[in-house]
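When we follow the numbering used here, the leftmost residue of the sequence shown carries the number 5, and every step to the right adds one. For glycine and all other residues, C-beta sits at the position ideal for the given N, C-alpha and C. Keep in mind the model is a prediction, meaning the values are calculated, not measured.
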Amino acid sequence: MPPVAAAGGMSGPSTFDKAKMGAMMGGTVGLIIGFIFGATNIIRYGPGPNGMMRTLGQYMLGSSATFGFFMGIGTTIRTDSSPILTEAFKAAHMRNGRPMIMPVDRMQRRPVQS
5 MPPVAAAGGM SGPSTFDKAK MGAMMGGTVG LIIGFIFGAT NIIRYGPGPN GMMRTLGQYM
65 LGSSATFGFF MGIGTTIRTD SSPILTEAFK AAHMRNGRPM IMPVDRMQRR PVQS
């Protein structure tokens with residue numbers, strides 16, 4: 005179900021804003037995951053020839069870039085609404101004053117027949 009349009013001519017975030025927000029969230033999660041896995045691997049196997057900070061940074065930046073990229077794309081796809089569904093929602097809202105929700109018979113998992 006698409007969100008109801010805001011009053012006063014205000015519009016929601018653009019597609020680019022949604023992608024930025026998803027990339028920032030994914031980047032933050034990736035940094036944390038990279039820190040956890042990087043620290044674990046450094047403790048288990050040692051820092052290697054690059055040293056502790058560089059190895060940890062590589063884990064964190066690699067994980068952050070990967071998570072950020074996929075979350076940016078996923079957030080954009082997830083929040084993109086279909087014009088057909090938006091028009092159907094508007095029509096149902098105008099017709100009934102509220103969106104059409106059919107009651108369900110809980111035992112049969114079917115719409116209730118009136």
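The DSSP-derived three-state label of aspartate 84 is coil. Judged by DSSP in its simplified three-state form, asparagine 54 adopts coil rather than helix or strand. Each residue's CA atom was taken as its position, placing methionine 64 and glycine 34 some 7 Å apart. Within the same chain, no residue comes within 6 Å of glycine 78 by CB-CB distance, once the 5 residues on both sides are set aside. One thing to note: glycine 72 has its Cβ within 7 Å of the Cβ of glycine 31.
Taking 7 Å as the cut-off, the Cβ atoms of threonine 19 and threonine 80 count as close. Sequence-distant partners of glycine 26 (beyond 5 residues in either direction) whose C-beta falls short of 6 Å from its own C-beta, in its chain, are Met75, Gly76 and Thr79. Assignment of serine 68 by DSSP, reduced to helix, strand and coil, places it in the helix class. Distances from the CA of methionine 29 to each of Ser85, Ala69 and Met98 were compared; the closest alpha carbon is that of Ala69. Cβ contact annotation for alanine 23 (same chain, cutoff 7 Å, sequence separation greater than five): Gly76, Thr79 and Thr80, in chain order.
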